[in-house]
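FYI, in the numbering used here the residues of the sequence shown are 321 to 642.
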Amino acid sequence: MRLLITFLISLLISSFSSAQENKVIKTKGKALVQWYPDVESKNATKERALQLAKINALENAYGVLVIQGNTVYVENKKTGEKVETNSTFKMIGSTAVKGEIIQVVKTDYKEIKKKEKIRGSKKKTIIFIECKLELHTKELKNTKIAVETYTLNSTKIIKPITDFYQGDDLFLYFRSPVNGFVTVYLDDNENAQCLLPYTRMPKGFEEAMPVIADKEYLFFSDKPEFNYFEEDDFFAEDTYELYSSSEKDINRLFVVFSKKPLNKPILNDDGNTKVLLELDKENYTLPRVIKSQVFHEWLLKIQQIRDDLVIKNIMISIEKER
């Protein structure tokens, strides 16, 4: 059975719940960068400021990394104290940080103009962009698992594709260095659609798709070579065709990997069958759904209590006409 996916922009709307081990905390950061209108757009400058503000927030919470010889230290920004560390780090641009961002809670931008005198000339107006933000973050404790995953529009050419057209098929490539479980959701800001696990799964695997270390997987295809359960045809049902609600939609796909199974949220049948009638897709159905806000509450909660998670956020676009 074919399923039609309706895509809209996904917004991260989630609520902060009680902290557990390696708790998620709220931290603030800010940055001020100069805007050069002749060589850089305002949006590009705001993006630079945003990245620096994120680094500032993480360093405020977890310290500044200092490398001396072959030893890495974490320096407390308030006290200046340095402590040797073997912790895992993450890169933002060219800067290593000791924490990861779970959610951007709030961002504020402000344009600031200053008069500065340049040698040999009159005073000139210099424009700065200031970014202030609040984040939900978590300290990096253990080495993150380096999974490989990307979207495709064909099973014949295994090449990452993020630009699609209405009517294209959607496939997902996935590979992990360790055994584990995969779930995939698409959030349209109203509902989060569950794409994996499939609608029908073998007993014991209703909450997540099991994957074997180093094995290449291609999901959302009903071809026999991509059926990963012997003697069972659980892959014949869930294939996906893309639909755009505007001239060009920008969308997010959440791929969640865990070493152990997750307790999935409660899913419901999608009753929005009107779109199927409008597109003359009576033989199609829609994926199971959960309210967007509830999905992100669940996503935030599992990140607080689990350290074996890898969450990949894949941005794709879908144009209505070629």
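A virtual CB, placed ideally from N, CA and C, is assigned to each residue, including glycine. As the structure is a prediction and not an experimental result, all values here were calculated from the model.
Under 8 Å between C-beta atoms of residue i and residue j
i              : j                 : result
tyrosine 429   : isoleucine 449    : yes
threonine 475  : lysine 543        : yes
asparagine 587 : valine 609        : Here residue 587 turns out to be leucine, not asparagine, going by the sequence shown. Yes, these two residues count as a Cβ contact at 8 Å.
alanine 373    : glycine 349       : yes
isoleucine 638 : phenylalanine 484 : yes
threonine 471  : isoleucine 634    : yes
leucine 492    : threonine 469     : yes
Environment of residue i [buried if 16+ CB atoms lie within 10 Å]
i              : result
methionine 529 : buried
aspartate 569  : buried
threonine 482  : exposed
tyrosine 356   : exposed
isoleucine 636 : buried
serine 612     : buried
aspartate 358  : exposed
Residue i versus residue j - alpha carbon distance
i                 : j                 : result
alanine 416       : glutamate 367     : 18 Å
glutamate 576     : phenylalanine 549 : Per the sequence shown, residue 576 should be read as valine rather than glutamate. For valine 576 and phenylalanine 549, the distance between alpha carbons rounds to 20 Å.
phenylalanine 261 : aspartate 508     : What the structure shows of the chain is the stretch from 321 to 642, and residue 261 is not part of that stretch, so it cannot be assessed.
isoleucine 345    : lysine 437        : 43 Å
lysine 442        : lysine 433        : 16 Å
leucine 385       : glutamate 379     : 8 Å
lysine 632        : lysine 479        : 17 Å
glutamine 623     : glycine 440       : 56 Å
alanine 339       : asparagine 363    : Reliability fails at alanine 339, whose pLDDT of 36 lies under 50, so the model's placement of it is uncertain and no value is given.
tyrosine 537      : phenylalanine 525 : 16 Å
aspartate 590     : asparagine 473    : 24 Å
methionine 521    : asparagine 547    : 11 Å
valine 630        : glutamate 510     : 24 Å
asparagine 499    : aspartate 628     : 12 Å
isoleucine 477    : glutamate 545     : 15 Å
lysine 523        : leucine 562       : 29 Å
serine 361        : lysine 343        : 38 Å
6 Å CB neighbourhood of residue i in its chain, flanking five on each side removed
i                 : result
tyrosine 382      : Lys418, Gly419, Glu459
glycine 389       : Interpretation of glycine 389 is limited by its pLDDT of 40, a score under 50 that renders its predicted location unreliable; the figure taken from the coordinates is listed afterwards. Hits under 6 Å: none found.
phenylalanine 501 : Ala528, Pro530, Ser578, Pro581
leucine 352       : Phe448, Glu450
tryptophan 618    : Pro585
valine 504        : Leu515, Leu516, Val575
Close-in-space but distant-in-sequence residues of the same chain around residue i (CB under 8 Å, 5 per side omitted)
i           : result
proline 497 : Ile465, Ala466, Val467, Ala533, Asp534
leucine 453 : Lys348, Gly349, Lys350, Leu370, Ala373, Lys374, Ala377, Val424, Val425, Lys426, Thr427, Asp428
lysine 435  : Lys443, Lys444, Thr445, Ile446
7 Å Cβ shell around residue i - same chain, five flanking residues per side excluded
i              : result
arginine 642   : Tyr485
threonine 347  : Ala377, Asn380, Ala381, Leu455, Thr457
isoleucine 421 : Lys374, Leu455, Thr457
threonine 365  : Val353, Trp355, Ile449
glutamate 431  : Ile447, Ile449
Minimum C-alpha distance to residue i - residue among the options
i                 : options                        : result
phenylalanine 540 : Glu510, Pro522, Asp489         : Asp489
serine 565        : His456, Lys343, Gly487, Val425 : Gly487
arginine 626      : Thr605, Arg520, Asn583         : Asn583
glutamate 567     : Gln354, Thr365, Phe491, Lys640 : Lys640
threonine 559     : Tyr604, Lys523, Ile477         : Tyr604
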